[in-house]
Amino acid sequence: AQSVTQPDIHITVSEGASLELRCNYSYGATPYLFWYVQSPGQGLQLLLKYFSGDTLVQGIKGFEAEFKRSQSSFNLRKPSVHWSDAAEYFCAVGAREGFQKLVFGTGTRLLVSP
Amino acid sequence: NAGVTQTPKFQVLKTGQSMTLQCAQDMNHEYMSWYRQDPGMGLRLIHYSVGAGITDQGEVPNGYNVSRSTTEDFPLRLLSAAPSQTSVYFCASSPLLGSYEQYFGPGTRLTVT
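Chains A and B, in that order, are what the protein sequence lines are.
Numbered per this note's numbering, the first sequence finishes at 168, counting up by one with no gaps.
Numbered per this note's numbering, the second sequence finishes at 96, counting up by one with no gaps.
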């Protein structure tokens, strides 16, 4: 079974600074990988996803993530953070067999300081 | 399209009461699922369905029932509420083939006293 680790519970970044949120997964083959964002009091919104091909994927809101097979990682990055990016971010992994079942990490809460 | 809708937004129950959380989607998605979100634990899958009449258990199914009589609706029933079921519940849907992108509802915050 697949699993996901997000080692950082909270991260604080200054507005305009770069951001990297870490995600490590465990799965026997190449999984499907996702990043979701949850604003306070809201549901989850998909930021980006990796299925195959180019290991650097672009998402919405200026986010990108890089799949590194050798490190079992799928870290999320943004070159310049805006105050509106303050939210909770979830990495998720989906098995290539079975039906759509995603396993989510425990989330990283991003705080943006002025 | 309204997307995925959930009702109610908030609910307080006493231990032992039963209730149904409603979930509906208007995107004709075959796949629907229920998650619970607890602090420090991320989202955990409770039950899911790959089409009308087909449901299966997820990671934490105990204390919950589901049924899927139509493509649009996927209600979650709490049979006898317990304080351990205090959580935020999210319903999600996606097409069965292709994108794997799950569309989430706004959530229901449930407190069991």
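Just so it is clear, CB atoms sit at the ideal spot from N, CA and C, and this is done for glycine as well.
Computed from a predicted structure; not experimentally measured.
For Glu84 (chain B), the closest Cβ of chain A is nearer than 8 Å. For Val43 (chain B), same chain residues with a beta-carbon under 6 Å away, outside a window of 5 residues either side, are Arg27 and Ile29 in chain order.
In the displayed model, Gln(-11) (chain B) falls within a strand according to three-state DSSP. In the three-state reduction of the DSSP assignment, Ile114 (chain A) falls in the helix class, which pools H, G and I. Within 10 angstroms of the beta-carbon of Glu74 (chain A) lie fewer than 16 other beta-carbons, which makes it exposed. In this model, Tyr14 (chain B) and Ser57 (chain A) are separated by some 21 Å (Cα to Cα).
Against chain B, the beta carbon of Thr160 (chain A) has neighbours under 7 Å at Gly23, Met24 and Gly25, listed in chain order.
Assigned with DSSP and collapsed to three states, Gln5 (chain B) falls in strand. Under the 8 Å criterion on CB atoms, Pro89 (chain B) is classed as interfacial with respect to chain A.
With contacts defined as CB atoms closer than 8 Å, Leu100 (chain A) and Gln112 (chain A) fail to qualify as a contacting pair.
Taking a beta-carbon distance threshold of 8 Å, Leu75 (chain A) does not count as an interface residue toward chain B. Taking Asp56 (chain B) as the centre and dropping the five residues before and after it, the same chain places the C-beta of Ala7 closer than 6 Å to its C-beta, in chain order.
The beta-carbon of Leu28 (chain B) is placed less than 8 Å from the nearest beta-carbon of chain A. Distance from the CA atom of Gln92 (chain A) to the CA atom of Gln0 (chain B), rounded to whole angstroms, is 30 Å. If you compare the alpha carbons of A:Ser134, A:Gly95 and A:Pro133 with that of Phe87 (chain B), the shortest gap goes to A:Gly95. Ala146 (chain A) is bridged by DSSP to A:Phe88 and A:Phe158.
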